[in-house]
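Numbering follows numbering that gives the first Met the number 0, in which position 37 of the sequence shown is assigned residue number 36; successive positions increment by one, without gaps.
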Amino acid sequence: MTKSISCKDAGKDCSWSASAESVEELMSQVTEHVLAEHKEIELNSDSITSIKSLIKDN
C-alpha cells in the first residue's frame, strides 16, 4: 500500500507532496524536503512523530 504526505497536511502554505511504498522511503523524502525548504522546522523526535502521524495510506 502506498503511503503519502503533503505539506498542506501539516498546515503549511506549500504545494509539495510525496508518496512511497514504505514509511521509511517517505520519511527520507520528507527529510530532504524539510532540510531544503523549511529550515525553520527542527527535525527531532517530537517533530518526526508529528510528521509520521500525518502519513496517509492510499
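The beta-carbon is built from N, C-alpha and C at its ideal position, and this holds for glycine as well.
(message) On the criterion of 16 or more Cβ atoms from any shown chain inside 10 Å, does Cys6 qualify as buried, or is it exposed?
(response) Buried: at least 16 other Cβ atoms inside 10 Å.
(request) Whole angstroms is fine: what's the gap from Asn57's alpha carbon to Lys51's? (result) In a straight line, the C-alpha of Asn57 is about 15 Å away from that of Lys51.
(request) Have a look at the DSSP bridge pairing and note the partners of Ala19. (result) According to DSSP, which records beta bridges pairwise, Ala19 is partnered with Lys2.
(request) Please go through the same chain and pick out, in chain order, the residues whose beta-carbon is closer than 8 Å to the beta-carbon of Ile40, but skip the five residues on each side of it. (result) Closer than 8 Å at Cβ, skipping near neighbours: Val33, Ser46.
(message) Is the separation between the beta-carbon of Val22 and that of Lys38 shorter than 8 Å?
(response) No; because the gap between Cβ atoms is not below 8 Å, this pair is not in contact.
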